[in-house]
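Residue numbers (the numbering used here): 70 to 321.
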Amino acid sequence: MRKQWWVGTCMLFLGILPVMGQVRMGITLPRRSYVVGESIAATVVVQSQSPMPLVLGREHHNAELLLEISSNQGGRGRQPERKRVQRDIVIMPGTTMRDIVEITSLYNFLGPGNYRLHAVLLHEGAGYLSATFAFDVVRGIEMRALRQMLPGYSDIELVYSFRYASREGREEAFMVIESPDGRSLFGTFALGPLLRLYQPVIRARADGTVAVVHQSGRNRFSRSIFRVDRGGAEFVEQRHFRSDGSLISQDR
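Here you go:
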């Protein structure tokens, strides 16, 4: 009798274990730190050992893919928030799906803080959770700023804020274009490496654009030009020059 009970128990657990391991989840970001307003894209991985296809669809589906994020902003933790990822994908048994998800379209990252992100797959009453990926959103350190009216408007003021932040062992430059109170963000643009021997220069130009020049190497200066309208901000071009003024290259 005891032998039959032991065998029955083992069979029960052997029946449960494959169900628990039917789906493996993963999520990663290309870096661990971002400046407020930067685009943040995550790679979501779903590895299926389910005996049936996983159907992620807007109308017909047997599974749901969600992203869950929690944050700690200024010492105040926020409850985890889940958002469904809208996709029309079928994941066949024994295959792996990799998908890029623009998470800045799902969540508001205007507040600096520490964020914790993971992916969740819901299927037939079971939930499969990825490991947590932690990252920071920072304001960056401002070096120079220019206040300028939005072209064509006398009541809308913009702040062009040149900032830097440490990333992957070096200092990177950024242009953040926002309202004076910081509640409206028109755009955040990465400008490349920064060498802080010379202060950056920001100038409004006659054509309505704004240009910033910063030192990006030992013998290299970068000039970046931006255009803003009611629809948002555009990074028009970036050129690199030697200290004698000769052109090195143009990136945009």
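C-beta atoms are modelled at their ideal positions from N, C-alpha and C, and glycine is treated no differently.
Review point. With 16 other CB atoms within 10 Å as the buried threshold, where does Thr-201 fall?
Key: As a first step, residue 201 is located in the sequence shown; it is residue number 132 there, counting from the start. When all chains shown are included, Thr-201 counts as exposed.
Check your understanding: What separation, rounded to the nearest whole angstrom, lies between the Cα atoms of Leu-134 and Glu-128?
Key -> Within the sequence shown, the letter at position 65 stands for residue 134. Within the sequence shown, the letter at position 59 stands for residue 128. Cα to Cα, the separation comes out at about 14 Å.
Review point. In whole angstroms, what is the alpha-carbon distance linking Ile-172 and Asp-205?
Key: For the purposes of this step, residue 172 is identified with residue 103 of the sequence shown, where counting begins at 1. For the purposes of this step, residue 205 is identified with residue 136 of the sequence shown, where counting begins at 1. Cα to Cα, Ile-172 sits roughly 14 Å from Asp-205.
Check your understanding: Alpha carbon to alpha carbon, how far is Ser-253 from Gly-300?
Key -> Sequence index remark: in the sequence shown, residue 253 carries index 184 (1-based). Sequence index remark: in the sequence shown, residue 300 carries index 231 (1-based). One C-alpha to the other measures close to 12 Å.
Review point. For Ser-174, which of helix, strand or coil comes out of DSSP?
Key: Here residue 174 is taken as the residue at index 105 of the sequence shown, counted from 1. DSSP places Ser-174 in helix when its eight states are reduced to three.
Point to revise | Ala-275 classed as buried or exposed, judged by whether at least 16 other C-beta atoms fall within 10 angstroms | key: As a position in the sequence shown, residue 275 is number 206, starting the count at 1. Exposed.
Check your understanding: Using the rule of at least 16 other Cβ atoms within 10 Å of the residue's Cβ for burial, across every protein chain shown, is Gly-106 buried or exposed?
Key -> Sequence index remark: in the sequence shown, residue 106 carries index 37 (1-based). The residue is buried, with at least 16 neighbouring Cβ atoms inside 10 Å.
**Study point:** Inter-residue Cα distance where the pair is Ser-293 and Gly-256
**Key:** Locating residue 293 in the sequence shown gives position 224, where the first residue counts as 1. Locating residue 256 in the sequence shown gives position 187, where the first residue counts as 1. Going from the Cα of Ser-293 to the Cα of Gly-256 covers about 14 Å.
Practice item. Compare the C-alpha of Ala-111 against each of Met-212, Leu-98 and Pro-120 and name the closest. Key: If you number the sequence shown from 1, residue 111 lands on position 42. The residue with the shortest Cα to Cα distance from Ala-111 is Leu-98.
Review point. Which residues does DSSP pair with Phe-202 in a beta bridge?
Key: Numbered from 1 along the sequence shown, position 133 holds the residue referred to as residue 202. Per DSSP, Leu-186.
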